[in-house]
Amino acid sequence: MFDLLVLLIPGFPLVAVVINGLLGHRYSRELAGWLACGAVGLSFLCALAVFGDILGSKIAREVVAYTWIVGGALTVNLGFLIDSLTGVMLLVVTGVGLLIHVYSLGYMHGEEGFTRFFVYMNLFMVSMLLLVMGNNYLVLFIGWEGVGLCSYLLIGYYFDRISAAKAATKAFVVNRIGDAGFLLAIFLIFANFQSLDYTQVLPQVHRLSTEMATAIALCLFIGAVGKSAQIPLYTWLPDAMEGPTPVSALIHAATMVTAGVYMVVRNHALYDMAPAAMTLVGVIGGVTALFAATIGLVQYDIKRVLAYSTVSQLGYMFLACGVGAYIAAIFHLVTHAFFKALLFLSAGSVIHALGGEQDIRKMGGLASKIPLTHKTFLVGTLAIAGIPPLAGFWSKDEIMAHAFVHGHYGLYALAAIGALLTAFYMFRLTYLTFYGTSRIDPHVAHHVHESPPVMTRPLVALAALSIVGGFLGVPPEHGWMHGFLGSVVTPAETSSHTVSAGVMVGLMAFAVIVALSGWGIAHYLYAVKPQAADDWAARAPRVYTTLLNKYYVDELYDAIVVEPCKRLGRSWDWFDFHVIDRVVRGVGRFADVGSATSTWIEKHVIYGVLNLIAYANHLASWSWRKLQSGLVNHYAAVIVAGAFLLVHFLLVWLVGGTRV
Amino acid sequence: MTFDLVLSGSDLLLLAPEIFLTVWLCVVLAIDFSIKNLDHENIAYLSVGGVIATLLNLLWFDYLGVTGTLFHDMFVLDRLAIFFKIFVLLSTVLVILSSIDYVKSFRFFRGEYYFLVMMSALGMMFMASAHDLLSVFVTLEFSTFGFYVLVAYLRDDVKSNEAGLKFFILGVFAAGLLAYGVSLVYGETGTLVFSEMAHTPGSYGLAIGFLMIFAALGFKIGAVPFHSWIPDTYHGAPTPVTAFLSIAPKGAAMAILIRMFYVALAAFKPTWVLLFVVASILSMTYGNIVAIAQKNIKRLLAYSGIAQIGNVLIGLAAGTKRGSDAILFYLLTYLFANLGAFAVVIGVGNLIKSDEIEDYNGLNRRSPFLAAAMLIFLLSLAGVPPLAGFIGKLYIFVAAIDQELYTLLAVGLINIIISMYYYLVVVKKMYINEPVDPSPIRVSIPIKTVIYVGLAGTLILGIYPRPFIEWVVAATLMFSNVTDMVAAALPHGSGG
Amino acid sequence: MANLIFFYFAGIIVLTATLVVALRNPVYSALSLLVMFFHVAGLYVTLHAEFLAAIQIIIYAGAILVLYLFVVMLLNLKREERFHQQTLTAALLGLVLFGEAVLLLASRPLRLSSMSASSEPNVASAVGNTESIGELLYSTYLFPFEVASLILLVAMIGAVILSKKGLLESKSS
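Here you go:
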């Protein structure tokens, strides 16, 4: 029964994919939409049942669907590992996924390719569930690639936008870089353990040398950096906002991008073995948290601000992993899923109300026109800014406190500045969108309307979760979450630091002060003295434009990676046709001058043979004179040169002292 | 000297698939000659029927475990040979089916087209069984001869003509290298049969001889630096012929390569491993990078094929039982994805008379089925899980890891990233760009069949690869001691 | 003595083969090819392969070369410059390749000589040359022989196909 429930969790969306994908055009779009939502709903119910079971037993269980790959030492099952970590992820993925699916019914209403959208979304759910449920690295990897593929398809969902197409390709290729690292890690793990099952590998990691553990941990982290949009591979995520808003909420905020965090936590035993890798994870996380926040300060696209904020928040999660606060990382992952999904969906509701407008310079004063959206967005802002007692406060505070208590003061400082900036740019966004004078295009203004209930109800649900979600981890370090996950994620150094309550309260108070000052600055700049913001920008124009252009990182990558690759491809292609040809011709001409006296005895070894063959072709009276026959001998020359190189290579190899 | 050939009925049984196919294709040709006004489609289906019958025969052999050697070890029927014969015949069936629409545009010589395709297939079946250098030479030339004609089949098309001429000249050139290599090896060892060579001491002449043979076979599979004929020939040849050329000869030549290096040269493995490492790195990198610049889908697939062969060569570089398993499985995944992709190209090409990637703009609007199929094939070629290509690459890389070829692994992984880019460019054009001409594209039932087979293969090999893995593992069972042989041979290996 | 004869034949073969590709008048090339064929046949005779020598003359000199000459004369080719562009590259490449091969081959004693000296005369003297080739072709080498016959079939059909124009209606112009 338990096994069946587990298999049904990814099974329902998969069935919906097949039915909608093959037969979707036969019935109405509404039916397809509800089928997709229903599948996710059933999946959620199964996940609840499974979760209840874990809650009772607290035992990790494996469920094997079938043996996927066999051959020699490599045996991989399509199997699932159900433990408390998976349980938490399951609820987040199916729960938030369900709400976003329902929301999409309203948001995507009337879009072309409605059924296709839900097929992709369900396929995404299947992949994401495989990712979090798999009991070995390869199943994790299928999920990993699957979510990447769905992300690609959904970012490029709007056919007519060239930018969407570019963003989709960019996302996939950048992710692919991370995937290569991940694959390398998988191969290294296999080479060391002759197995890819978590239960075979993770208890054995202490056998590894520190170097090997570090190598594997870093390779895994490369994968995580790609998927979770950390420096230096974060550039795809802001561009991914070209996709429909529910996609941004589900994939690029709540679930897929957190896969890297999940993977690091899942492999925490490995990271505990590799302090250098841990440090790198923490530093990358901390730097990304601050870096992305600074870019978020000046962006004007409502979704892009949220995207940079996602990058920044993911940075906090990696920072948590880096300082060994794995449970805090998962805790923040959960609360972030709630409030970031809420923020994106609310932003979607705003965009919906304004008929597609995303530029906050053309918003303002929306609080009264779409009150419900305003309230939910405000809840999200308070939660992410870290205003107690909302969800974000507890999880972020725990990460920062853990960093401070364990002596990572540099990381703590990064996180604290990041928190200040987060509070600032989120309230900036709120003020510019909902308060002040309306800057809305008059043609749009009279169409502004609150979204239908099918969209607002998920908002309310997520707002509620964003408010109360934090209490899962209260009191800090000893909340329900910690007890539940403790069986799987044993903290690296348990209770070696006993911290006085005074310090904890002090840190909390400081965090609140930081958040409130961010709010205060935003309030001053965008509510009290609206022109001050421009003054500030004008006072440091270079900083401002650098931030506005996102530190020119995209341009940099284009210049040093993308363009050279393309050019290399083109030039090699061109090389094939021109250079070899020219060089050979040129040398030939040079030779002609020198050997004018002996025209009739020249050693044309290869080309003479070709000559004869060419005569033979006359016999069949082929119209060969029309051909670019000049190229043929050059091709032959390449082959000869190849054979020549082989022999040469052999010679060097043998003379070098190696035996045949 | 006495007449020492003894052939019993049971010996001939080993040749039954070949004999059957020979008779069948002669019958088909005779029918085509003698019955006027016979629709060429009937000839095509007749051919498909014969090939499938041969295929079933081989499957039956495989099931029964029929093995044996003939003609003084020159012809060997083992499970490896059976695997490659099935491989060749499977691709032949798919190619014939996807040719039917194309051949419709011919005014005459329709039946002969199928005859030549089957003849080439027959040649490649012999290649799979060739166990000595003389048979290698003769069977290789046999299969290539059919291709010479097929590539230049469009007699009045300049491109096809040019492709045929280039292919012919360079092919004969490669044959020259092969003959030279064979003669050197014979001079050094005094034998032509692989299994007898295994016991000869190493010598430089032997090494040069085998290098020449490798060059000729490298020409066949299109490995850098023997790839130069591939883009032009693929581009100019009739598309179904390109499809055939891109898969079947590679499989048959790999059969010979595996036999040659695993059986005849097992003792010299430390030397040839580096050869394959270099060839593999060159092929992958060159193929993938040049593919980025391509504007024509056939050229793109040509370069992608060069890169894929680079991946296959990783398996040879590993030089183990697991390496050969991986090669076989990889080729199988490549067969479905590649022929599927070509079927889409043929289907689209028949209608819009163009193979430019630009003309795939908005294919999703014109035919969602073709676009989705192409997407899956390209993703499989790129190695995205859970499609077949991923499992193939996984196997290849695992084989490399076993032998601690980490450089090769790293280069392979980087190449996966590069390849993703140009496959996605095609996907982007199909899914995101606007079509110039939005009229829907419909494909005929035979091509649809091929695409369905390709899709089924790509998905099944990805999701439930187990039976196929077991099959290839069984096919290379004879190599399970290959690593031991190397270890045993090492001490006397320095006697060069 | 035997060595002297060998070097005579070998020298002429190399010289005439070079001339085949070096001469720019195709008729001269063909004629030097003819001379080369005769000398190759001579080499066969010294190796007691009389049958091969005869075949060499009948097929190559008698049939193939005459066909060449026909074509060359029919097309009235005077001088061919097209393929004479890569002289230096080719010569360099060829020289280095040759040098390396010689280096490799010379770096160890040849095993070839002992083997061929002991085995070959036996075969030739015991039975007639032609007869033993026939027997070998139909017994030991039956497989390649039969495959070769299939090649001829393909070549025949192929020649028919390639010699006819107008396969595609639309592009026949």
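Residue numbers (my numbering), protein chains in the order written: chain A, 2 to 661; chain B, 584 to 1079; chain C, 3 to 175. Glycine included, each C-beta is placed from N, C-alpha and C at the ideal position.
Checklist entry - What's the C-alpha gap between VAL104 (chain C) and GLU771 (chain B)? => result 14 Å
Checklist entry - Which of the residues in the region 681-693 of chain B, read from start to end, lie with their CB under 8 Å from any CB of chain C? => result SER688, PHE689, ARG690, PHE691, PHE692
Checklist entry - Which residues in chain C sit within 8 Å of ALA642 (chain A), going by Cβ to Cβ distance? => result LEU95
Next on the checklist: Quick test of your reading: GLY381 (chain A) and LYS397 (chain A), contact by CB under 8 Å. State the CB separation rounded to the nearest angstrom.
Outcome noted: That belief does not hold up - the Cβ atoms of GLY381 (chain A) and LYS397 (chain A) are roughly 14 Å apart, past 8 Å.
Checklist entry - In chain E, which residues lie with their C-beta within 9 Å of the C-beta of ILE1000 (chain B)? => result This model lacks chain E altogether; the protein chains it does include are A, B and C.
Checklist entry - At what residues does the alpha helix (DSSP H) containing TRP520 (chain A) begin and finish? => result 502-524
Item to check | C-beta neighbour in chain C for VAL732 (chain B), strict 7 Å | outcome: yes
Item to check | Any C-beta of chain A under 7 Å from that of LEU155 (chain C) | outcome: no
Checklist entry - Exposed or buried, what is ASP661 (chain B) when buried is set at 16 or more other beta-carbons lying within 10 Å of its beta-carbon? => result buried
Next on the checklist: Quick test of the definition: if touching needs 3 or more C-beta pairs under 8 Å, does the region 1025-1042 of chain B touch the region 602-618 of chain B?
Outcome noted: no
Item to check | One or two residues paired with GLY651 (chain B) in a DSSP bridge | outcome: B:LEU660
Item to check | Which residues DSSP lists as bridging LEU75 (chain A), in chain order | outcome: According to DSSP, LEU75 (chain A) bridges with nothing at all.
Next on the checklist: For ILE232 (chain A), which residues in the same chain have their Cβ closer than 7 Å to its Cβ, ignoring the five residues on either side in sequence?
Outcome noted: ILE285, VAL288, THR289, PHE292
Item to check | Presumed contact (8 Å Cβ cut-off) between GLY419 (chain A) and ALA326 (chain A), rounded CB distance | outcome: Going by Cβ atoms, the distance from GLY419 (chain A) to ALA326 (chain A) rounds to 16 Å, so no, they are not a contact pair.
Next on the checklist: Strictly by DSSP, which residues pair up with GLU63 (chain A)?
Outcome noted: A:LEU82
Checklist entry - Under 7 Å between C-beta atoms, does SER718 (chain B) make it to chain C? => result yes
Item to check | Extent of the continuous alpha helix (DSSP H) run through HIS444 (chain A) | outcome: 443-446
Next on the checklist: At the level of alpha carbons, what is the spacing between THR87 (chain A) and ILE331 (chain A)?
Outcome noted: 11 Å
Checklist entry - Shorter than 7 Å from the beta carbon of PRO263 (chain C) to some beta carbon of chain B? => result With chain C covering 3 to 175 only, the question about residue 263 (chain C) has no answer from this structure.
Item to check | Neighbourhood of HIS41 (chain C) by C-beta, 6 Å cutoff - its chain only, sequence neighbours within 5 removed | outcome: PHE11, ILE14, ILE15
Checklist entry - Does the Cβ of GLU146 (chain A) have 16 or more other Cβ atoms within 10 Å, making it buried, or fewer, making it exposed? => result buried
Checklist entry - Do you know whose CA, among A:GLY507, A:LEU271, A:ALA250, A:THR211, lies nearest MET401 (chain A)'s CA? => result A:GLY507
Item to check | Spatial distance of PHE1051 (chain B) from ILE70 (chain A) (CA atoms) | outcome: 10 Å
Next on the checklist: By alpha-carbon positions, which one of B:PHE809, B:PRO1021, B:VAL606, B:GLY893 ends up nearest to LEU629 (chain B)?
Outcome noted: B:VAL606
Next on the checklist: Which of the three DSSP states is assigned to THR431 (chain A) in this structure?
Outcome noted: helix
Item to check | Straight-line gap, GLY349 (chain A) to MET242 (chain A) (C-alpha atoms, nearest Å) | outcome: 11 Å
Checklist entry - Of all the CB atoms in chain A, is at least one closer than 7 Å to the CB of LEU99 (chain C)? => result yes
Item to check | Residue nearest to VAL641 (chain A) in terms of C-alpha spacing, selected from B:ALA820, B:ALA847, B:GLY754 | outcome: B:GLY754
Item to check | N-terminal and C-terminal residue of the alpha helix (DSSP H) that THR170 (chain A) is part of | outcome: 163-194
Item to check | Straight-line gap, SER452 (chain A) to LEU32 (chain A) (C-alpha atoms, nearest Å) | outcome: 21 Å
Item to check | Euclidean distance between Cα positions of PHE875 (chain B) and LYS881 (chain B) | outcome: Position check: residue 875 (chain B) holds Ile in this sequence, whereas Phe was assumed. Roughly 13 Å between the two C-alpha positions.
Next on the checklist: Determine whether the beta carbon atoms of MET38 (chain C) and THR20 (chain C) lie at a separation below 7 Å.
Outcome noted: no
Next on the checklist: Taking 8 Å as the limit between beta carbons, can you name the residues of its chain near GLY609 (chain A), skipping five residues before and five after?
Outcome noted: Note that GLY609 (chain A) scores a pLDDT of 38, beneath 50, so its modelled location is shaky; the value from the coordinates is reported in the next line. Around GLY609 (chain A): no qualifying Cβ.
Next on the checklist: Let's see if you can read the secondary structure: which residues bound the alpha helix (DSSP H) around HIS450 (chain A)?
Outcome noted: Counting along the chain, HIS450 (chain A) falls outside any alpha helix (DSSP H), and DSSP gives it neither H nor E.
Item to check | beta strand (DSSP E) runs contained entirely in the region 279-319 of chain A, provided each spans 3 or more residues | outcome: none
Item to check | Selection from B:TRP643, B:LEU800, B:THR822 that minimises the alpha carbon distance to VAL686 (chain B) | outcome: B:THR822
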